[in-house]
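One structure is given below, encoded as structure tokens.
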Amino acid sequence: MSKRILIGVIIADCHIAFQSEILRGIITQAFKSNCDVAVISPLHNFSLSSVHKDAEKNIFDLILSENIDGIIYDRNSLQNEDICRQIDELCKRTEKPVMLLDYNGHKNFETTSVDDRDAFETITDHLINVHGYRKIYCLTGPRNTFSGEERLAGYRTSMKRHGIHIEKDWYEYGDFWTEAPKKYAKRILSGELERPEAIVCGNDVMAITLSKLFIDAGIRVPEDIAITGYDASIEGYQASPSITSYSRPNFQLGAEAIRRLYRIITGKICGKVPNENGELRLGESCGCAENPSLRHSILRNISINARFESELLYGDMLFDITNADNIATFADRLDNYTYFLHKMRRVRICLTKSYVDATVDKNAEELGFNIGDNMKVVLAKSAIWREAETNLVFSSSEILPDYNEDRSYPSAFFISPLHYNNNFFGYCAVSFGKEPRSFSSLYIKWINYVNVALEQVRIKAIMNRTILNTSKALLYDHLTGLLNRSGIEQEFAKKFSHENRSSSVECIIFELHGLKKAYYQSGEEKSNSIMAAFAKKLRSCIHNKEICGAWASQTLCVISPDSARAEPIYNELCSKIKETQFSSGEENCNIDFSVGVCSFELTEASDLSDAMYKATMNRVFSYTISEPTSNPQFEKLCLLRNRIMKNPELPWNISEIAESLYLSKSYLQKIYKSYFGKSIIEEMIQFRIDNAKTLLTQTDMTVTEISRECGYSSYNYFVRQFRMCEGYSPSEYREKQKRKAEENES
């Protein structure tokens, strides 16, 4: 298959509704044209300067990738002219076609724009025809910008058509931000400008700012001065009073930019996606009543996002991932929190070689980034499944290995920088699959947690090297008394040196999954006691030619020159643990753990870290408190059940699950039911119904909305299945719970 056209998109504030609509148009049209998309998306718009924010500009070097065939550049979304000029130079260096969005007068690049004139004329008409205002001022966008001049022209056209003479000081150029409306409000409040009846603003940000300043000064909105905005942002609808605005056809702007760029690149005309025209959105700021159904929809989306934000804020993610002391542990722990990326279909954490080296054996005063630097994929995940290959190395000039895949469908990735202050670590790439959407503000918080964790890993590595250089004696784990990772590596080099090395060794990993449960149930002291007792039992199961140590947090290992040692050690260890399972002393270490094995030939190129990683992936035994089992699929089934419980609304497919676990469909269903008492489908239905019951009692969502939220495409099927499980229809259940709550209150 020939390589697809790759469109690079430079845009900031991707989480804002205005930009999301543009991106939805870009991705929809790109997919229809069979083009891949790489959205280079910083997390800030550079309106404020700091060491941390300014470091994000390194991500723009990806523009120089030879894989990119054309660039869409939203210059207006970046609020720093120095950054814009830097990107201008990078775009020129590529010698690729560049399409600007709503930015006229650039001497080097083409531009695509949406006609704001008619829309702004519609808003002004509304103030005149519906409310009878005559003395209407206009605060438009920046001078000599296409959007600013077009919106001013629409205002003038409406006023002229209604026979209203415009005084010279009735209109003013703004900045699409907060500083211009502050100065404008000051002129009106001081009396320098006569008080108008109404003001039409170039966007919602300026309208919100003006409205707040007037209300704080005792001027009522809209009774004394009516105000309208533009762009129909969620922030405008959340404001008090809600802002009357215009839903700009940004989807069409993005789609048209792709079509024009595609024609420049290929000389061909691509098929066009259906138009999505804008419309007037009424609010309270002009004197109208707002649309209640729209408010309900907006508040519902805000409520859903707030639930996830609350879980992120008060959950364990930050503490868990920042407690990692190496990249592998960091990736393993971050894997548990990718569910915060709503509707994510693929995610890649790509780190620079300089960062990886800084966490292993090198100190670096400052970590930078240049196109062509080697990158390492430390976490690759598709939807809810961790991909097996997590150590892939590639050149950043490729941007992502995914773009070189032989796929039957196009892809779009959002690529955001990973950094801490002026140290650049790499980038995170997220795809939402076939759905043309952008990330939410929650993603920015998630990325910030990741940045803090990566900095902690780097600092811990520096501290560990400092300690090791100060005293080579510090080779033992303080908790277990066993060799730590550095001690294991030194002992491995000594026992299995080139002179007296065996032909092969067996690496056996013991992952103590139950420690986390013990920590939450009984505290740190009890958890540490169990870890120490387990280490003591394990140490007693090996002979003097073998190495036993603490490879990582909650992970012990045995390295043996003998083959097939995993099963004897496991059986002996289980026997010793069972002897203490009913004792209350410090010897009791009856917790869940799993055993993984990797055997490898010893050569000059042997990599112990790689062997340990492979051992963690090749689990052969699992032990649980309820029963020890030699079935390596048991823990995978536990993880599967947990994922279904957390995401029951997903379209779970038995065949795909069986294939991912390398099991037959019939065997998967058989062992799943034997462990959990219900089939996968029965569990999924129960989890969906449980989720529906929560939404019915804790939200005011309609039954139709709840059915979709719980993964049902058919409302009737949802109602029928709910009645079958609960004996009531969803509406009857909601009323019953409501009556019960009222009775309890009384």
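Note that the UniProt record's numbering has the sequence shown beginning at 1, numbered continuously upward.
From the three backbone atoms N, C-alpha and C, an ideal C-beta is built for every residue, glycine too.
Spanning the alpha carbons of Cys589 and Gly254 requires a straight line of approximately 60 Å. Sequence-distant partners of Met317 (beyond 5 residues in either direction) whose C-beta falls short of 7 Å from its own C-beta, in its chain, are Tyr337, Tyr449. Note on the stretch 25-73: whole beta strand (DSSP E) runs with a minimum of 3 residues are 36-40, 70-73, in chain order.
The residues Phe432, Glu435, Arg437, in chain order, have a CB closer than 7 Å to that of Lys343 in the same chain once the five nearest residues on each side in sequence are set aside.
In this structure, Ser397 sits near Ser65, with a CB-CB distance shorter than 8 Å.
Spatial neighbours of Ile654 in its own chain (CB-CB distance under 8 Å, excluding positions within 5 residues in sequence) are listed in chain order as Lys665, Leu668, Gln669, Ile680, Ile681. Taking C-beta atoms as the reference points, Glu194 and Arg134 fail to come closer than 8 Å. Contact check for Asp325 and Arg333: beta-carbon distance about 11 Å, past the 8 Å limit, so the pair fails to qualify.
Separation of the CB atoms of Gly549 and Leu482 is rounded to 5 Å, and the pair is thereby assigned contact status at 8 Å. Here the alpha carbons of Ser395 and Leu367 stand approximately 17 Å from one another. Residue burial annotation: Glu683 is buried, with at least 16 other C-beta atoms found within 10 angstroms of its C-beta. Taking C-beta separations shorter than 7 Å and ignoring five residues to either side along the sequence, the partners of Ala239 in its chain run Ile208, Ser211, following chain order. Taking 8 Å as the cut-off, the beta carbon of Leu351 is found no closer than this to the beta carbon of Lys381.
Distance from the CA of Ser77 to the CA of Leu695, rounded to the nearest whole angstrom, comes to 37 Å. For Pro417, the enclosing beta strand (DSSP E) stretches over residues 412-420. Going by DSSP, Ile10 is part of the beta strand (DSSP E) stretching over 6-10. Annotated three-state conformation of Ala611 is helix, per DSSP. For Met724, the enclosing alpha helix (DSSP H) has its first and last residue at 715-726. Excluding the 5 residues flanking it on each side, Asn451 has same chain C-beta neighbours closer than 8 Å at Leu418, His419, Tyr420, Phe425, in chain order.
Ranked by how close their Cα comes to the Cα of Ile547, the residues Ser560, Ser540, Leu538, Val505 have Ser560 in first place. Straight-line spacing of the CA atoms in Ile258 and Ile11 works out to 14 Å. Here DSSP, grouped into helix, strand and coil, assigns Ala198 to strand. Here Arg346 carries a strand assignment [DSSP, helix/strand/coil].
Within the UniProt domain "HTH araC/xylS-type" (638-736), the alpha helix (DSSP H) runs of at least 4 residues that lie entirely inside it are, in chain order, 654-660, 665-676, 680-698, 703-709, 715-726. By the C-beta criterion, the stretch 591-602 is judged to be in contact with the stretch 501-514, since at least 3 inter-stretch pairs fall below 8 Å. Here the C-alpha atom of Ser563 lies approximately 14 Å from the C-alpha atom of Ala615.
Residue pairing of Tyr173 in beta bridges, as defined by DSSP: Thr140.
When beta bridges are read from the DSSP output, Ile227 appears opposite Ile199.
For the beta strand (DSSP E) assignment, the uninterrupted runs of no fewer than 3 residues enclosed by the stretch 207-290 are, from N- to C-terminal side, 226-228, 245-247, 279-281. Here Glu95 carries a coil assignment [DSSP, helix/strand/coil]. One alpha carbon belongs to Lys545, the other to Leu379, and they sit about 35 Å apart.
Inter-residue distance for His44 and Cys428 is about 15 Å (C-alpha atoms, whole angstroms). Glu587 sits in coil when the DSSP states are folded into three classes, being neither helix nor strand.
Gly596 has Ile509, Arg619 as its beta-bridge partners, per DSSP.
The criterion of a C-beta distance shorter than 8 Å is not satisfied by Phe251 and Arg485. Straight through space, the alpha carbons of Asp54 and Leu312 are spaced by roughly 26 Å.
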